[in-house]
Amino acid sequence: MSVVGQAELLEADAPEREFAVYVRDLVKRYGEVEAVAGISFEVGQGELFGFLGPNGAGKSTTISILCTLVRPTAGLAYVGGHDVVGERNAVRRQIGLVFQDQTLDGYLTAEQNLRLHAELYGMDRAQIPGRIEEVLKMMELWERRRSLVNTFSGGMRRRLEIARGLLHSPRVLFLDEPTVGLDPQTRTSIWEYIRRLEAEEEITIFLTTHYMDEAEYCNRIAIMDHGRIVALDTPDRLKASVGKDRVQLATADDRRAIAEIKERFGIEARLAEGKVTLAVPHGEQFVPRLVAELGVEIRSISVSRPSLDDVFMAYTGRTIRDTEASAVEDLRRRATMWGRR
Amino acid sequence: MSTATAGRPVAQVARVRTSQGGLRAELRAVRIVWYRELIRFSRDRLRIVTSLVQPFLFLFILGTGLSTLSEHDRFHVSLRTLFYPGVLCMAVMFTAMFSAASIVWDREFGFLREMMVAPVRRASLVLGKCLGGATVAGLQGLLVLLIAGLVSVPYNPLMMLEVFAIQLLLAFTITAFGVMVAARISQMQSFMAVTQMAIMPMFFISGALFPVSGLPTWLTVLNRVDPLTYAVDPMRRVVFAHLKLGAVERAAFDGGVSWWGYHVPTAVECAVVLVLGLAMLVAGIVQFSRTE
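Which chain is which? The protein sequence lines are R and Y, in order. For the first sequence, the positions run -12 to 328 when the numbering used here is used. For the second sequence, the positions run 93 to 384 when the numbering used here is used.
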């Protein structure tokens, strides 16, 4: 057991072994194209960390490097305390993976898929049945364990992939676009499962998404564009960095209200969507003052935070709609690939 | 996990114990990949039936049809019987190729990725796949072996055992070939095209359907280069050893393979097939072990 001692000694002064994921100056070039252009970040133990960015931003390449499937051109990457290049198998034992495309064997039952995984990962035989039951129940697939995966819906397959990714108790679970191609209802339910396992399993979750609403669930998000991380922080702080909250109010006399707001607070308000609209930092703190000091009767008031869409726009210069459009394009491409099969 | 997670608060939930690698873990991987092939084969009844069609066509349609053309008085044994060893090889070849094709399939459907990220050597995965393909093809060959009586070949236990052994060997080599090709080709259509291009000429040149002694020089050269020759010839020797053949048939069909006058013994022929299979297995492993 001297290995343990050594490992712990190393951990004491080696940050790359402390974090669930530790990346420094990571680069991946394919010929002329720089898919990942020198990124650095780290993910703490137990964090729910998201990579947000349009298709082709380098998210999937980064995940592939972290999963040891792709060799980086330059830079360092540690996952679960192990070097993704030098200690590939050690990394593989520490991680669970759910890919964008399904990677189940449709000709096997749900249980057989999991059993195969358990054997490939060299799980302790005595623990296999219990753990299979545990993950299948967590993903609510226990009743369907003997059904062929071919008979599963898209949502069920994704849940089974998550169950399989969890089977060997990984320390880091990678979810590459876990909800892409699913209908909104199924997306919501997949997220319920993700949040449940965040609570029930001691695990770090690393996901990529191009859905803004999903990025909201993350503890921290990194916005990626053209192979670089352009912003990295909690969703709230990212939004705060971008702009002010939007306050809208309906009053008895809008014209007077606008004039009065300018006079008392020095804030330029305008009429938008039929309401007096103004932008202020910390809208929720501003509203009580507004209510107390405004001499006009207020009928209703609303505060909305800047959305991640605003953040995304600010950092990448593109709107989400552009991204979504390319996502649809991506789906269409995939659909035609299916057609050719 | 014990070395990495010891002393970490994170690891306190009842974590599953996984192996730290080593031979046992690799063998488990080989076994499960092999076993998956068996499960899939047993599920695919249609494939079992359809892959029998081709051997039957050659045996009964071609065999019967051609026999009306041939000089009846020369052979006292039907062409079906003479074709039988070749067809025994054929039954295995196409199934083995189909097994290898499932790698391409697995890649298209993503399952290959699940295996590629597992903490085991790629060699174990490739080996499991080849053994699985060989077993499945061997089982398929067994079905053709069972109809021996229909073409007046006796059910001799020793013969059947020897035939089965050669079938397994051939199946292994063909699967290894298919896996090697599949490492490079990611689309099913291309894979099928390439393997058909390779397998059909190999099958015809191997002498599965005609004797290989006394051929024109160009065909003799092709024949001796064709690896399949070294599986078909032992198969024929084994089957013919248990037939009551006249001197004419034996001379015509059982001439055997020779290299510059040297009559190649069965053991050497089998060794050729085995070595080739192992070489292609290694080539396949090397290609699958590459990381981008």
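Every residue, glycine too, gets a C-beta built ideally from N, C-alpha and C. All values reported here derive from a predicted model rather than from experimental measurement.
task = Assign E127(R) to one of three DSSP states: helix, strand, or coil.
result = coil
query = Would a C-beta distance cut-off of 8 Å place V255(Y) and V330(Y) closer than the cut-off?
reply = yes
ask   = Would the region 315 to 332 of chain Y and the region 297 to 307 of chain Y be scored as touching if the rule is three or more Cβ pairs under 8 Å?
value = yes
request  = Can you tell me which of the three DSSP states R158(R) falls into?
outcome  = coil
M211(R), enclosing beta strand (DSSP E) - first and last residue = R207 to D212
key: Backbone CA spacing between R109(Y) and Y108(R) [nearest angstrom]   = 10 Å
query = Listing by chain order, which chain Y residues have their CB less than 8 Å from the CB of G37(R)?
reply = Under the 8 Å cutoff, chain Y gives no residues; its nearest Cβ is about 20 Å from G37(R).
task = Verify the CB distance criterion: does E206(Y) have a CB-CB separation below 8 Å to chain R?
result = yes
A371(Y) to D220(R) span [Cα, whole Å] = 53 Å
inquiry  = Can you look up E201(R) in the DSSP assignment and give me helix, strand or coil?
reply    = helix
Segment contact flag, the region 257 to 266 of chain R with the region 231 to 242 of chain R, C-beta cutoff 8 Å, min 3 pairs = yes
key: Interface partners of A192(Y) on chain R, CB under 7 Å   = The contacting residues do not exist; A192(Y) stays about 17 Å from chain R at best.
request  = Measure the Cβ-Cβ separation of Q81(R) and V159(R) and say whether it is below 8 Å.
outcome  = yes
inquiry  = Starting from S289(R), trace the beta strand (DSSP E) in both directions and tell me its first and last residue.
reply    = I285 to S291
query = Between M125(R) and the rest of its own chain, which residues show a CB-CB distance below 8 Å, the 5 nearest in sequence each way excluded?
reply = A150, L153, Y180, R183, L184 and E187
inquiry  = For the region 128 to 140 of chain Y, list every residue whose C-beta sits within 7 Å of some C-beta in chain R, in sequence order.
reply    = R128, I131, R132 and R135
key: Closer than 8 Å to chain Y by CB, D111(R)   = yes
inquiry  = Using 8 Å as the cut-off, can you tell me whether the region 99 to 107 of chain R makes contact with the region 124 to 136 of chain Y, which would need three or more C-beta pairs spanning the two stretches below that distance?
reply    = yes
query = Thinking C-alpha only, which one of D296(R), K231(R) and T303(R) is nearest P268(R)?
reply = K231(R)
key: Collapsed DSSP secondary structure at Q235(R) in the structure displayed   = strand
Identified DSSP bridge partners for H104(R) = Looking at the DSSP assignment, H104(R) forms no beta bridge with any residue, so it has no partner.
ask   = With DSSP run on the structure shown, which of helix, strand or coil describes I190(R)?
value = coil
ask   = What whole-angstrom Cβ distance do I50(R) and F161(R) have, given they're in contact under 8 Å?
value = 6 Å
message = Using CA atoms only, rank isn't needed, just tell me which of L84(R), G68(R) and F273(R) is closest to S289(R).
response = F273(R)
request  = Express the C-alpha separation of A218(R) and S287(R) in angstroms, rounding to a whole number.
outcome  = 35 Å
query = Touch check for the region 197 to 215 of chain R and the region 27 to 47 of chain R: three-plus C-beta pairs under 8 Å?
reply = yes
Option nearest T196(R) by Cα separation, candidates E189(R), I190(R) and W178(R) = W178(R)
message = For a contact defined as C-beta to C-beta under 9 Å, what are the partners of D88(R) on chain Y?
response = F201, G202 and R205
request  = Below 8 Å on the Cβ atoms is my guess for D66(R) versus V122(R); work out the distance and round it to an integer in Å.
outcome  = Sequence inspection shows Val at residue 66(R); the Asp mentioned does not correspond to that position. Contact flag wrong, Cβ pair sits at about 21 Å.
ask   = Do you know how far the Cα of T55(R) is from the Cα of R199(Y)?
value = 17 Å
ask   = Mapping DSSP to helix, strand and coil, what is E98(R)?
value = helix
Cβ shell of S244(Y) (< 6 Å), same chain only, five flanking positions each side left out = T173
For F283(Y) and I277(Y), believed in contact at Cβ under 8 Å, the rounded distance = 5 Å
query = Mind checking P101(Y): buried by the 16 CB within 10 Å criterion, or exposed?
reply = With a pLDDT of 34 at P101(Y), under the threshold of 50, the modelled position of this residue cannot be trusted; read the value that follows with caution. Its Cβ having fewer than 16 others within 10 Å, P101(Y) is exposed.
message = If I measure Cβ to Cβ from T96(R) and keep anything under 8 Å in the same chain, skipping five residues before and after, which residues do I get?
response = R132, R133, S134, L135 and V136
ask   = Identify the residues that DSSP records as bridge partners of K262(R): which are they?
value = A259(R)
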